[in-house]
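Engineer: Dropping a structure here in structure tokens format, bear with me for questions.
In structure tokens form, the structure reads like this:
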């Protein structure tokens, strides 16, 4: 049936709700099928097509031609089918378009429900698309509520999500109404009406995305963030690389007088960030990862197990290891190598401090 007014109403509704017309058509189609199917004992025999190009909507019942009717809602005899397809034989599929009066009657009975359901379906579809596009991205959310256990209930788009205390940075405090940046780790339930996002302020991906936001060379792809290791709220190490030898990737990320890195540090609540140059040479990369400590020598012991021995000056040993082993631990995570550290005066000592890379 042709109904230009129907399509104009959907166009205005889509504009009002901020819903793409394709999504709205899809939702209305499913809603109409659900409503009309009720007259066929809810059998899966009703179909709807909305054709905006010709301003038509077709609602039809699909039946199979059989020699003996078992299911009146889904079967029809050849002599009846012959009215729709001359010469129809058992096994043929016949599509019977419902007339305007029949569809109008059902729509009149269930019109409001059909429309509401169609809008909800379209909104859910839009929501799924929005969520899918945000995976592994930074989004700004509004704190709605602080739970007694420390979890935050936040608004993300038109839904609420939980930012668990385990995914927050120790020491940060938020109040209802605060706007904060979070990292969308993953999206679950895209095949359902209401997908859910795993949000984090502690994930290394947050640091990587902040570099993409604040460093034009990273955003444009000239400089690449190769790896990030992080102990949220305390310190991060970021390995950067550029294929152009004339571009200093570390300098680009730090910015003039540290302007770029300072903005990122501020957004992370003062978290310290070491930016180092990535290298495919293991010794060079591991030595750089232990910054700010000076490294005298790196010896690769086992390439299969990713083990290397590091020698540093006696007076730089504590700096290389870091407070409670943090510097060496972050370096190990960044490079994915197990790092054995000793001072130059301990070269002959059998005992060494071992920091294992932990994938978790």
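Residue numbers (my numbering): 5 to 364.
Note that CB positions come from ideal geometry on N, CA and C, so glycine has one too.
(1) Check residue 4 in the structure and name its three-state DSSP category.
(2) At a cut of 8 Å, does the region 308-317 reach the region 267-283 through at least three beta carbon pairs?
(3) With the cut-off set at 8 Å, would you say residue 92 and residue 82 are in Cβ contact?
(4) For the alpha helix (DSSP H) containing residue 339, name the first residue and the last one.
(5) Could you give the DSSP three-state label for residue 36: helix, strand or coil?
(6) Looking at C-alpha atoms only, which residue of 228, 74, 25, 250 is the closest neighbour of residue 243?
(7) Can you give me the C-alpha to C-alpha distance between residue 171 and residue 97, rounded to a whole angstrom?
(8) My parser needs the alpha helix (DSSP H) runs of 4 or more residues fully inside the region 147-234; what are they?
(9) Pull up the CB-CB distance for residue 49 and residue 13, whole angstroms please, since I reckon it's below 8 Å.
(10) In terms of DSSP beta bridges, what is residue 278 paired with?
(11) For the region 172-191 against the region 204-212, are there 3 or more C-beta pairs whose distance is under 8 Å?
(12) Just grab the DSSP bridge partners of residue 61 for me.
(13) Among 137, 173, 183, 138, which one has its Cα closest to the Cα of residue 149?
(14) Would you list the one or two residues that DSSP bridges to residue 342?
(15) Would you kindly work out how many angstroms separate the C-alpha atoms of residue 23 and residue 202, rounded to a whole number?
(16) Measuring alpha carbon to alpha carbon, tell me which of 165, 299, 87, 60 ends up nearest residue 325.
(17) Under the DSSP definition of a beta bridge, which residues are partnered with residue 144?
Structural biologist: Per the coordinate set shown:
(1) This structure does not reach residue 4, given that the chain is present from 5 up to 364, and the question cannot be answered.
(2) no
(3) For the purposes of this step, residue 92 is taken as the residue at position 88 of the chain shown. For the purposes of this step, residue 82 is taken as the residue at position 78 of the chain shown. It is a contact, given that the beta carbons lie within the stated cut-off.
(4) Taking the chain shown and counting its residues from 1, one reaches residue 339 at position 335. Taken as a continuous stretch (DSSP letters only), the alpha helix (DSSP H) holding residue 339 covers 330-339.
(5) Along the chain shown, one-based indexing puts residue 36 at 32. It is helical.
(6) Reading the chain shown from its first residue, position 239 is the one you call residue 243. Among 228, 74, 25, 250, the Cα nearest to that of residue 243 belongs to 228.
(7) The count along the chain shown starts at 1 and reaches residue 171 at position 167. The count along the chain shown starts at 1 and reaches residue 97 at position 93. Distance between the alpha carbons of residue 171 and residue 97 is about 55 Å.
(8) 208-218, 220-223
(9) Locating residue 49 in the chain shown gives position 45, where the first residue counts as 1. Locating residue 13 in the chain shown gives position 9, where the first residue counts as 1. At roughly 28 Å, the Cβ-Cβ gap does not stay under 8 Å, so residue 49 and residue 13 are not in contact.
(10) Looking up residue 278 in the chain shown gives position 274. Note: residue 278 sits in a beta bridge opposite 241.
(11) yes
(12) Your numbering for residue 61 matches position 57 in the chain shown. Bridge partners of residue 61: 54.
(13) Position 145 of the chain shown holds residue 149. With distances taken between Cα atoms, residue 149 lies closest to 183.
(14) Your numbering for residue 342 matches position 338 in the chain shown. According to DSSP, residue 342 bridges with 311.
(15) Residue numbering aside, residue 23 sits at position 19 when the chain shown is read from its first letter. Residue numbering aside, residue 202 sits at position 198 when the chain shown is read from its first letter. The alpha-carbon atoms of residue 23 and residue 202 are separated by roughly 25 Å.
(16) Counting from 1 along the chain shown, the entry for residue 325 is found at position 321. When each option's Cα is compared against that of residue 325, the closest is 299.
(17) One-based indexing of the chain shown puts residue 144 at position 140. Its beta-bridge partners are 185.
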